[in-house]
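One structure below.
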Amino acid sequence: MKITVIGSGYVGLVTGACLADTGNHVLCIDYDAGKIERLKNGEIPIHEPGLDAVCARGLAAGRLRFSTDYAEAVAHAAVVFIAVGTPSDEDGSADLSHVLEAARELGRRMNRDTLVVVKSTVPVGTSDKVRAAAEEELRKRGVPHRVSVASNPEFLKEGVAVEDFMRPDRIVVGVDPADTTSRETLRELYAPFNRNHDRVLFMDVRSSEFTKYASNCMLAVRISFMNELANLADRVGVDIEQVRRGVGADPRIGPQFLYAGAGFGGSCFPKDLRALIHTSEESGEPAEMMRAAQNVNTRQRRLLADKVVQHFGGRLQGRTIALWGLAFKANTDDVREASSLAIIDVLLQAGAQVRAYDPEATANAERALHGRAGVSFVPSAPAALEGADALVVVTEWLEFRSPDFEVLARALKAKVLFDGRNLYDPAAVRKAGLAYYGIGRSGVGA
87 MKITVIGSGY
97 VGLVTGACLA
107 DTGNHVLCID
117 YDAGKIERLK
127 NGEIPIHEPG
137 LDAVCARGLA
147 AGRLRFSTDY
157 AEAVAHAAVV
167 FIAVGTPSDE
177 DGSADLSHVL
187 EAARELGRRM
197 NRDTLVVVKS
207 TVPVGTSDKV
217 RAAAEEELRK
227 RGVPHRVSVA
237 SNPEFLKEGV
247 AVEDFMRPDR
257 IVVGVDPADT
267 TSRETLRELY
277 APFNRNHDRV
287 LFMDVRSSEF
297 TKYASNCMLA
307 VRISFMNELA
317 NLADRVGVDI
327 EQVRRGVGAD
337 PRIGPQFLYA
347 GAGFGGSCFP
357 KDLRALIHTS
367 EESGEPAEMM
377 RAAQNVNTRQ
387 RRLLADKVVQ
397 HFGGRLQGRT
407 IALWGLAFKA
417 NTDDVREASS
427 LAIIDVLLQA
437 GAQVRAYDPE
447 ATANAERALH
457 GRAGVSFVPS
467 APAALEGADA
477 LVVVTEWLEF
487 RSPDFEVLAR
497 ALKAKVLFDG
507 RNLYDPAAVR
517 KAGLAYYGIG
527 RSGVGA
């Protein structure tokens, strides 16, 4: 099948590369000429394990191509995915300008009946707006081509996106119940990912759009609830890790997304939570639980830094803090709304110097911090410890999982470790002569 993907960012690139890997001929387009040139040369602009190999196979076979030419892209295929960004607007709503402009560009160039598949994360009713935008341009041209619109939200986790696409737990497709042609086209397209178990969930378009937001916001609420429990555990002398195991053993609850930590970030949960809150309140619903989850996360993202400031008596002048992990989670270079940025901000305001290390996200963090004074970026985890008083661990990268605590104790002048992901056994840390602070772990004996 010939496929066009509009948008060659995180979602569009993974979608296009994986569809090409199963035999389709895919053309990905983007306005960013520099990005397209890099992709043509096999350079992947994001860190996503396995994506480079998938792209290389598609490029070598001639099934995956990249372009900035909309006319070429529209002429290439009768099935077009829209996978452009929907960032938060000032009021928290999803900014649909890129999505609707993509629809208008299609309408200006369509030369046949076309199925438009909205892959971007969009609020309920957006697919109707996409159809209207494309049809308006077709009317201006006076051509009779038909636009069909389906919703096919992505459920890709950064760090395992290729695996998620190739072996999905569900494929949500929203189509008009009367549009059997679009339904069968998408069933055929996803057949290679659906061989051993029927994972395709067909539903109406609006329910499909809502499912994406409901999924992400439910997970965000779950994380914030666990973090709120962890903060209470600290006050009443409970070990949240033991609680997590006990609660997660209940099959009605399960262990996933029960880990207390330094708050959630990234490109999805914060943005989608804001967007659904906006939709809810605009519709007359108060969104109390979602807003509470948002408020808990705002506090949680700076909690670790507050622990540092409190440990040192409220002032950090003359102190150097080592920080391990800048990405919002392991196996990505994404620092959008990462807890590390909030933690660095608090530490700098308190007068500290920060020496930060991340195996993949340093360049993005430097750009996000705009060269802010007081932060230096170093090439290794040991280098971050040089001259440091304390260590703050923010991201759960594999290389941070088993440090030599005796080495840390010798390196850190104030001999204190702040564990923002509860990676370590507090007893082992303390045995090495380090003070230990985790999230919800005050109930672990010294």
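Residue numbers (my numbering): 87 to 532.
All C-beta atoms in this analysis are idealised placements derived from N, C-alpha and C, irrespective of residue type, glycine included.
All values reported here derive from a predicted model rather than from experimental measurement.
query: Would you mind working out which of 462, 340, 292 sits nearest residue 204, comparing C-alpha positions?; result: 292
query: For residue 126, which residues from the same chain have a beta carbon less than 7 Å from its beta carbon, with the 5 sequence-adjacent residues on both sides left out?; result: 152
query: What are the complete beta strand (DSSP E) segments, minimum 3 residues, inside the region 393-443?; result: 406-410, 439-443
query: By how many angstroms is the C-alpha of residue 265 removed from the C-alpha of residue 31?; result: Residue 31 lies beyond the residue range present for the chain, which begins at 87 and ends at 532; the question has no answer from this structure.
query: Would you kindly report the start and end of the unbroken alpha helix (DSSP H) that includes residue 297?; result: 291-322
query: Can you tell me whether residue 380 is buried or exposed, with buried defined as 16 or more other CB within 10 angstroms of its CB?; result: buried
query: I need the straight-line Cα distance from residue 403 to residue 165, nearest angstrom please.; result: 59 Å
query: Quickly, what does DSSP pair residue 523 with across the bridge? List them, please.; result: 504
query: Take residue 280 as the anchor and find which of 254, 301, 268 has the nearest alpha-carbon.; result: 254
query: Just the Cα atoms here: how many angstroms apart are residue 306 and residue 355?; result: 6 Å
query: Can you give me the C-alpha to C-alpha distance between residue 520 and residue 443, rounded to a whole angstrom?; result: 21 Å
query: Out of 297, 228, 283, which one is the CA nearest neighbour of residue 289?; result: 297
query: Cβ of residue 347 within 7 Å of Cβ of residue 422?; result: no
query: So, with DSSP's three-state summary, where would you put residue 357?; result: helix
query: By Cβ distance below 7 Å, which residues in the same chain neighbour residue 271 in space, the five residues on each side in sequence not counted?; result: 165, 201
query: Determine whether the beta carbon atoms of residue 365 and residue 411 lie at a separation below 7 Å.; result: no
query: Taking the C-alpha atoms as reference points, what is the distance between residue 140 and residue 336?; result: 38 Å
query: If we require 4 or more residues per run, which alpha helix (DSSP H) segments fall completely within the region 159-212?; result: 183-195
query: Are three or more beta carbon pairs between the region 92-99 and the region 128-142 nearer than 8 Å?; result: yes
query: Is it true that the CB of residue 349 sits closer than 7 Å to the CB of residue 425?; result: yes
query: When the distance is taken between beta carbons, is residue 361 closer than 7 Å to residue 179?; result: yes
query: So the beta strand (DSSP E) residue 330 belongs to, where does it begin and stop?; result: It is not in any beta strand (DSSP E) - residue 330 instead sits in the alpha helix (DSSP H) that spans 326-334.
query: Determine the burial state of residue 282: buried for a count of at least 16 other Cβ atoms within 10 Å of its Cβ, exposed for fewer.; result: exposed
query: Residue 183 to residue 313, Cα distance in whole Å?; result: 35 Å
query: Sorted by chain position, which residues of the same chain lie with C-beta nearer than 7 Å to residue 124's C-beta, five sequence neighbours on each side aside?; result: 131
query: Among 512, 473, 483, 472, whose alpha-carbon lies nearest the alpha-carbon of residue 491?; result: 512
query: So, is residue 484 buried or exposed, given that buried needs 16 or more other C-beta atoms within 10 angstroms?; result: exposed
query: Does DSSP put residue 251 in a helix, in a strand, or in coil?; result: helix
query: Under the three-state reduction of DSSP, which class applies to residue 462: helix, strand or coil?; result: strand
query: Could you give the distance in angstroms between the alpha-carbon of residue 386 and the alpha-carbon of residue 213?; result: 35 Å
query: Between which two residues does the alpha helix (DSSP H) holding residue 144 run?; result: 137-147
query: Could you spell out where the beta strand (DSSP E) holding residue 260 opens and where it closes?; result: 257-260
query: May I ask which residues mark the beginning and end of the beta strand (DSSP E) holding residue 152?; result: 150-153
query: Taking the alpha carbon of residue 258 as the point to measure from, which residue in 233, 248, 295, 243 has its own alpha carbon closest?; result: 295
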